[in-house]
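Residue numbering for the sequence shown follows full-length UniProt numbering, starting at 1 and increasing by one per position. Built from N, CA and C at the ideal position, the CB exists for glycine as well. Scroll down for the structure; my scribbles are underneath it.
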Amino acid sequence: MILVTGATGALGTLIAERLADRDDTILGTRDPRQLKAPLPVRRIDFDQPGTLAGGFEGVDVLLLISAGYGEDDTVIARHSAAIDAAEKAGVRHVVYTSLTADGDHLPYALPHRWTERRLQEGTMGWTILRNGLYAELLGRLAGPSTDGRITAPLAEGQLAAAARADLAEVAARVTVDAPAHAGRIHELVGEQAVGGADLARAHGPHVTYEPETLAQARTRMAASGAEPFQVPMLVGTYSAIAAGFMSRTGGDLRQLLGRAPHSTLAAALAQPPQQRAHAARNMP
């Protein structure tokens, strides 16, 4: 039996769609009432460990979608509770959606690396999917304003982002064939590095790229009503991209998909405008 956690999130929803015709898959979410899917649903709430023992019963392969929206200690506690419960329930294999290796420069990398280490030291088989940042996230972090200006503090940096749909397809494929990926770490970044100037050109001649400073971005986000932990997450993301640490392409995405990945630019441009302070909900 396969269990997919976080099934109401953006990535989880796409994965669930790709597994919808299987009779050996169930979905997990903290609020089953929000989930309209043809697959069975169980209540899985990482913040309430008591829901996990029954939720993981009979599960052979667990697709653990990272619960990264929160402070480091909150995320670590969630993942720790899930892994502990999975081991006790007899789960054989965990597929974990982690963060690309270059993501070590991001302020939210630590819980991912902690979770990787916990799985590697545990009793279950494991596979780690080191997801690049979403192209859709880039489109929201560096979207044009109503007057046609992109003011994100990206400097001349670029991001090798991956389309969320591609990451969902890989996660579904690997989870279904988990034993063949046992003990493997897959790097899943885009094949195209994109920056603010690239986005402006793609939007058309009416859009210009006028990068702001990190200090300006911090002030703007702090005044937007963002949660306290969101501001350093977003500023740190901008900073890592601007400094050139997130532009490396390559990895295993094309091989695991069996085709060319979706265009980073196309996925980024397809996103509607969104208040950037709340884009942290869409981080891996």
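Per the DSSP secondary-structure output, S98 pairs in a beta bridge with R130.
By the criterion of a C-beta distance shorter than 6 Å, I241 is surrounded in its chain by L154, G157, L159, once the five residues flanking it on both sides are discounted.
Around the beta carbon of T123, fewer than 16 other beta carbons lie within 10 angstroms, which makes this residue exposed. Taking a contact as a CB-CB distance under 8 Å, the pair A20 and P38 counts as one, their CB atoms being some 5 Å apart. Between the stretch 67 to 82 and the stretch 24 to 37, the count of C-beta pairs closer than 8 Å stays below three; the two stretches do not touch. Of the residues A142, I2, T219, I128, the one whose Cα lies closest to the Cα of G58 is I2. Looking at the DSSP output, V194 sits in a beta bridge with L159.
Counting along the chain, L167 sits inside no beta strand (DSSP E); it lies in the alpha helix (DSSP H) bounded by residues 164 to 176. Burial of E169 is indicated by the presence of at least 16 other C-beta atoms within 10 angstroms of its C-beta. Counting other Cβ atoms within 10 Å of its Cβ, P144 reaches 16 or more and is therefore classed as buried. In the three-state reduction of the DSSP assignment, G58 falls in the coil class, being assigned neither a helical nor a strand state.
Per the coordinates, the alpha-carbon of R149 lies some 48 Å from the alpha-carbon of F56.
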